[in-house]
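For reference, the structure discussed in these notes is given below.
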Amino acid sequence: MAEAPVPTGTSRIVKYLGTESRANAPDPVDAELRRRVIDTLAAIAGGHQFAAAERMSAFVRSSFGGGDATVLDGTGETATPVGATLANALAGNILDVDDDNAVAGGHPAVVVLPAIMAAVESEGGTVGDLLDAFLPAYEIAVRTAIALHARTGMYNGSGSWGPSGRQPGSRALASSRPTSPPTRWASPSSTRRLRQ
């Protein structure tokens, strides 16, 4: 009789991605998730007011323009998902007011959210799709930080563990099905939907 395979870290993550959703999360988790998204959007909007972000947005428009993901600099212009991620993540870090996760020892949302926003928007997804993809992405980024801290004995920057959340977020998005009109992040109605 063959022994059952021992679950690996990867298989556990895949199983988690296949079962995690806001529908299964307690109400306080959903509320905190929304708060972190709104907090990060505010950090991105504030950061876009500074010269470094203006230069990055100009670079993104010239090198990555013409896509279908919004650069949240107030112009309403779009870029490729890579370009919008680059511009919005940089802007979100400028003021250093983005979410701080004491357990992770860093700022997971600003590393994870811009990439997920760009992917959701370019795929024609909804605010619900964004939140559903952000939940496992954020969780995996934080758990990766915890594991790295335990293994190395030091706090690594979110740049070393934050990217681990982006791929799971994209995976969660790939399995979702849009149920309402596509979201444009530059529209005032998108912020109202986050609060609902």
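My numbering puts the first residue of the sequence shown at 260, with every later residue one more than the last. Note that CB positions come from ideal geometry on N, CA and C, so glycine has one too.
- Under the three-state reduction of DSSP output, D358 falls in the coil class, being neither helix nor strand.
- The continuous stretches of beta strand (DSSP E) do not include G412, and DSSP gives it neither H nor E.
- Sequence-distant partners of A284 (beyond 5 residues in either direction) whose C-beta falls short of 8 Å from its own C-beta, in its chain, are L292 and L394.
- A contact between stretches requires three or more CB pairs, one per stretch, nearer than 8 Å, and the region 361 to 370 fails this requirement with the region 380 to 389.
- If you look at A302, you'll find it in the alpha helix (DSSP H) that goes D286 to G306.
- The beta carbon of A350 sits closer than 6 Å to the beta carbons of I303, G306, H307 and A312 from its chain, once the five residues preceding and following it are set aside; these are given in chain order.
- Listed in chain order, the alpha helix (DSSP H) runs fully inside the region 322 to 404 are 340 to 353 and 367 to 381, counting runs of at least 4 residues.
- Take the alpha-carbon of T334 and the one of S316: they are about 10 Å apart.
- Secondary structure note for R281: it is in no alpha helix (DSSP H), with a DSSP letter that is neither H nor E.
- In the structure shown, T267 adopts coil according to DSSP, grouped into three states.
- Annotation: A338 to D357 spans about 23 Å, alpha carbon to alpha carbon.
- The Cβ-Cβ distance between A400 and P373 does not fall below 8 Å.
- Annotated three-state conformation of F309 is coil, per DSSP.
- Contact annotation: W420 and A396 have beta-carbon atoms that are not nearer than 8 Å.
- When the Cα atoms are used, V296 and T267 turn out to be separated by approximately 31 Å.
- Per the C-alpha coordinates, the member of L345, G418, A406 and L389 positioned closest to D289 is L389.
- Counting other Cβ atoms within 10 Å of its Cβ, T329 reaches 16 or more and is therefore classed as buried.
- In the assembly as shown, A406 is an exposed residue. Its beta-carbon has fewer than 16 other beta-carbons within 10 Å.
- For G418, the enclosing alpha helix (DSSP H) has its first and last residue at S417 to W420.
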